[in-house]
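Chemist: Numbering (the numbering used here), first residue to last: 20 to 583. Backbone N, C-alpha and C define an ideal beta-carbon position, used for all residues, glycine too.
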Amino acid sequence: MSIWIIFKIIGSLALLIYGMKVMSEALQKMAGSQLRHILGTMTKNRFTGLITGMFVTASVQSSTATTVMTVSFVNAGLLTLAQAISVIMGANIGTTFTAWIMTLGFSFNMANVVFPVFFIALLLIYRKKHRYVGDFLFGVAFMFFAISTLGATGKEMDLSHNQSVIEFFSSFDKDSYLTIFAFLGLGTILTFCMQSSAALMAITMVLCSSGVLPIYMGIALVLGENIGTTITSNIAAMGANTQARRAAMAHLSFNVFGVLWVLCIFYPFINMVCGFVGVDPQSDHIDVSRLSVVLAAFHTTFNVCNTAVLIWFIPQMEKLVCTIIKPNAMKDEDDFRLRYIGDNALMATPELSVLEARKEIQSFAERIQRMFSMVRELLGVKNENDFVKLFTRIEKYEGISDNMEIEIANYLDKVSDSHLSDETKARIRAMLREISEIESIGDSCYNIARTLSRKLRGKEDFTEQQYDHLHQMFELTDDSLTQMNVMLSSRRYNLDVNRSFNIENEINNYRTQLKSQNINDVNNHLYTYAIGTMYMDIVSECEKLADYVINVVEARMGTKQREA
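1. Here's the rule I'm using: 16 or more other beta-carbon atoms within 10 Å means buried, otherwise exposed. How should residue 295 be labelled?
2. Counting C-beta neighbours from all protein chains within 10 Å, is the total for residue 443 16 or more, i.e. buried, or is it exposed?
3. To the nearest angstrom, how far is it from the Cα of residue 328 to the Cα of residue 561?
4. Alpha carbons only, please: which of 557, 537, 516, 508 is nearest the one belonging to residue 489?
5. Against chain D, with Cβ distances strictly below 7 Å, would residue 330 count as a contact?
6. I need the DSSP call for residue 433, collapsed to helix, strand or coil.
7. What are the boundary residues of the alpha helix (DSSP H) that includes residue 459?
8. For residue 417 and residue 446, I'd like the C-alpha separation in whole angstroms.
9. First and last residue of the alpha helix (DSSP H) that includes residue 264?
10. Assuming residue 206 is part of the alpha helix (DSSP H), what are its boundary residues?
11. Would you mind sorting residue 309 into buried or exposed? The rule is 16 or more other CB atoms within 10 Å of its CB.
12. Which same chain residues, not among the five before or five after residue 22, have their C-beta less than 8 Å away from its C-beta?
13. Within the same chain, show all residues whose beta-carbon is closer than 8 Å to that of residue 398, passing over the 5 residues directly before and after it, in chain order.
14. What does the Cβ neighbour count give for residue 340, buried or exposed, with the cut at 16 atoms within 10 Å?
15. Any contact of the stretch 528 to 540 with the stretch 421 to 428, i.e. 3+ C-beta pairs under 8 Å?
16. Exposed or buried, what is residue 391 when buried is set at 16 or more other beta-carbons lying within 10 Å of its beta-carbon?
17. Are the beta-carbon atoms belonging to residue 393 and residue 344 less than 7 Å from one another?
18. Cβ atoms of residue 504 and residue 385: under 7 Å apart, would you say?
19. Starting from the C-beta of residue 449, find all residues in its chain whose C-beta is less than 8 Å away, skip the five residues before and the five after it, and write them out in chain order.
20. Just verifying my parser: in three-state terms, what is the DSSP assignment at residue 353?
21. Span of the alpha helix (DSSP H) holding residue 520?
22. Check this for me: beta carbons of residue 151 and residue 315, under 7 Å apart or not?
23. Check each candidate in 253, 502, 506, 535 and name the one with the smallest Cα separation from residue 522.
24. Should residue 195 go down as buried or exposed, given a rule of 16 or more other Cβ atoms within 10 Å for buried?
25. Using CA atoms only, rank isn't needed, just tell me which of 172, 456, 270, 400 is closest to residue 387.
26. DSSP on residue 364, reduced to helix/strand/coil?
27. Given residue 172, which residues of its chain have a CB within under 8 Å of its CB, disregarding the five upstream and five downstream residues?
28. For residue 502, which of helix, strand or coil comes out of DSSP?
29. Helix, strand or coil, according to DSSP, for residue 566 in the structure here?
30. Output the distance between the C-alpha atoms of residue 229 and residue 149, rounded to the nearest integer angstrom.
Structural data, given as structure tokens:
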């Protein structure tokens, strides 16, 4: 076999994988938030979840993208585990559409047809308005060109007359379960290594269509692909929370169970599928050109039957994966950790990775409000030991705040390196602004705590009236933080910013009122200038904190930057 033929095979597989990747990403960009909305809302029961998984996977031509997307939604708390399992079942059916596309490519020589598509795609890419459509057509053209090249290369290799290849595959007993298990394991390993079940499906079709690989062994490879493809989602979920890891494990369990029951009736099941297509697998004169159709038909029949059986046992599958994957031991709330993104962040679908960051920013904002609650508590602590303990905890939270800003920013920076839609790029810029302002809120909380610490070390204390005013100011500030968290956790088109602006106006007016009153109280010798200065430092810091809150709200709404 010529070295150039080997390079043509490797290059064709690379083009196939790249074409599917470009096509999938282009569809995700075109769909954008609509795709997320479909997955997030059309999963009310197991059947709608199943249909949604089929629709999304058939659209983006990637079960991996759908599965990773689903794991992301479970990680972000937008889907329950049961909903995720139904979507994954649908994705397994939707992905069989890829095999039929390949069958079409092997049956008809589309190499010449794709060149006009390349030209049209290039024109659209240079037209900014339609560049995603161009990307999609480019991906489709690459995919069909790669399939046609693979088919032509298979014929060029003339494997049916290559005695060494024929003898190699003939050395396996096609009627032995030992052979079936060997090829099943080979399919699993190759899919894991290639990270593309589509590429291995294409190779299997080439070998079967050449007449050197018996259909039973080819189908064993396809079964192995079904297990190997689940490894991607399990790797993606390693850095996610417990529920996300359970969703990925459910994908593996679903496919493994399907393979097990098919192995029990392997030969009768294959013969039945071959009967559908009009092929006799026992015949010595099989029309090898139809074997790619047999592979596609088996892939679809297997996944449809497996889903038809297991869709009624989703609660039992949920219990199984919950038993296999136990919750992580509870960590100290004061320890630094990210809940939704981590070392193994889900970067397989960049457009959807923004969802991970959005949930992490919500978590960041909630943690900052807890930090402010500690500051409110610190105001009333008189015992020095208790004060030091609480102050140390606030100090630790300030460090956590700095770390969270850096980690989320780094994650967003990685996401922004990918090809993104303009809408997503704008969203990332807004999110970077949000985390910067939230970190500034943490700084304000720490500044208030330091002022209270300075007061404790002095010999003076606030008057009862000052305490009342500070509690009132803290109450208003906490209201603004609560409203900020509502804004961050809701959909933009459902938001009303007036509540946030009204609270800020209240805080500004109250600050102005207290400032004037403070001057009069110091002049009337109700307290010293030093205690009055610390008192107004806290009031001013609350007003500054409220400005940061408004900046977060405006970033969320996509409006202009305000001066703090």
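Modeler: Taking the definition as stated:
1. By the 10 Å Cβ count, residue 295 comes out exposed.
2. Flag for residue 443 reads buried.
3. Taking the straight line joining both Cα atoms gives about 60 Å.
4. Checked all of 557, 537, 516, 508; the closest Cα to residue 489 is 557.
5. The chain labelled as chain D is not found in the depicted structure, where only one protein chain is given.
6. Helix, per DSSP.
7. Following the DSSP letters along the chain, one finds residue 459 inside the alpha helix (DSSP H) bounded by residues 441 to 476.
8. Roughly 26 Å between the two C-alpha positions.
9. 261 to 283 is the span of the alpha helix (DSSP H), which, as asked, contains residue 264.
10. 196 to 213 is the span of the alpha helix (DSSP H), which, as asked, contains residue 206.
11. Classification for residue 309: buried.
12. No residues qualify anywhere along the chain.
13. Setting aside the 5 residues that flank it on each side, residue 398 is surrounded in the same chain by 471, 486, 489, 490, 493, each with a C-beta closer than 8 Å to its C-beta; the list follows chain order.
14. By the neighbour-count criterion, in which a residue is buried when 16 or more other Cβ atoms sit within 10 angstroms of its Cβ, residue 340 is buried.
15. Taking 8 Å as the limit for Cβ pairs, the verdict is that the stretch 421 to 428 does not touch the stretch 528 to 540.
16. Classification of residue 391: buried, given that the 10 Å Cβ count is 16 or more.
17. No, the Cβ-Cβ distance between residue 393 and residue 344 is not below 7 Å.
18. Closer than 7 Å, so yes.
19. Only 574, 575, 577 meet the Cβ criterion.
20. With a pLDDT of 49 at residue 353, under the threshold of 50, the predicted position of this residue should be treated as unreliable, and no value is reported.
21. Its alpha helix (DSSP H) spans residues 517 to 542.
22. Cβ distance not < 7 Å, so residue 151 and residue 315 don't count as in contact.
23. The candidate whose alpha carbon is nearest that of residue 522 is 502.
24. With fewer than 16 other Cβ atoms inside 10 Å of its own Cβ, residue 195 counts as exposed.
25. When C-alpha distances from residue 387 are compared across 172, 456, 270, 400, the shortest belongs to 456.
26. Residue placement at residue 364 cannot be trusted, given a pLDDT of 47 that sits under 50; the coordinates are not used to answer.
27. Excluding the 5 residues flanking it on each side, residue 172 has same chain C-beta neighbours closer than 8 Å at 24, 27, 28, 31, 225, in chain order.
28. Correct three-state label for residue 502: helix.
29. It is helical.
30. Separation of residue 229 and residue 149 (C-alpha to C-alpha, rounded to the nearest whole angstrom) is 40 Å.
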